[in-house]
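> Okay, handing you the structure first.
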Amino acid sequence: MAARVPGLVKPAANRHTAGKMGLFSRKRNLKKDDQELPLPPGNSAAGAKIFKAKCNTCHTCNEGGPNKQGPNLFGVIGRQCGQVQGFKYTGASKNSGIQWSNQTLVAYLENPKKYIKGTNMAFPGFKKDQDRVDVVAYLNTMK
1 MAARVPGLVK PAANRHTAGK MGLFSRKRNL KKDDQELPLP PGNSAAGAKI FKAKCNTCHT
61 CNEGGPNKQG PNLFGVIGRQ CGQVQGFKYT GASKNSGIQW SNQTLVAYLE NPKKYIKGTN
121 MAFPGFKKDQ DRVDVVAYLN TMK
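Quick look at the structure:
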């Protein structure tokens, strides 16, 4: 049986099926009746390696770490998008209304510019579902 990653949800039956969208819902505004979608387990150690290779140039994720080209990601899970003090966000990010959860981060990391039109994030996204799940598993350890 596949592990469940808290916060990753399957759309309710009256919306697109998970099969049409791949493993994850890309909806930002999820209804309360949404259910968790079984996923391959996220590997935080693999996520740490991916983060170091792909994310560390622009982001830190240690407590009290500085903002770089991107904001510090320590404690990102549960945080409102566009709210890290001292980082200059685009209006699109500040006004997105997104609260970062496992679900929203996995969707965002697939294609940041598509998920938040007007973001300054230069990274094009992770093509592999497992890479996204692993990075989010790693970010869950940074709190």
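The sequence shown: position 142 = 142 (full-length UniProt numbering), numbered continuously.
Cβ coordinates follow ideal geometry from the N, Cα and C atoms, glycine included.
(1) Using DSSP's beta-bridge definition, name the partner residues of Gln83.
(2) Mind checking whether Gly86 and Trp100 have CB atoms under 8 Å apart?
(3) Distance check for Ile116 and Gln130, CA to CA, integer angstroms please.
(4) Please report how far the alpha carbon of Phe74 lies from the alpha carbon of Lys143, in whole angstroms.
(5) Select from Thr60, Thr119, Val106 the residue whose C-alpha is nearest the C-alpha of Lys94.
(6) Once the 5 residues before and after Ala92 are set aside, which same chain residues still bring their CB inside 8 Å of it?
(7) Quick check on the burial criterion: 16 or more other C-beta atoms within 10 angstroms. Buried or exposed for Asn56?
(8) When the Cα of Leu109 is compared with those of Gly97, Asp134, Lys88, Gly64, which residue comes out closest?
(9) In its own chain, which residues sit with a C-beta less than 6 Å from the C-beta of Val76, not counting the 5 before and 5 after it?
(10) Just the C-alpha distance for Cys58 and Lys113, rounded to the nearest angstrom, thanks.
(11) In the DSSP assignment, find the alpha helix (DSSP H) that holds Thr104 and state where it starts and stops.
(12) My understanding is that Asn102 touches Gly125, with C-beta atoms under 8 Å, so please give their C-beta distance in whole angstroms.
Short version:
(1) Answer is none; Gln83 lacks a bridge partner.
(2) No, the pair does not count as a contact, with Cβ atoms beyond the cut-off.
(3) CA-CA distance, Gln130 to Ile116, rounds to 21 Å.
(4) 6 Å
(5) Thr119
(6) Closer than 8 Å at the Cβ level, and outside the excluded window around Ala92, lie Ile116, Lys117, Gly118, Thr119.
(7) exposed
(8) Asp134
(9) If you ignore the 5 residues before and after Val76, its C-beta comes within less than 6 Å of the C-beta of Trp100, Leu139, all in its own chain and listed in chain order.
(10) 16 Å
(11) 102 to 108
(12) Not really, about 16 Å apart at Cβ, beyond 8 Å.
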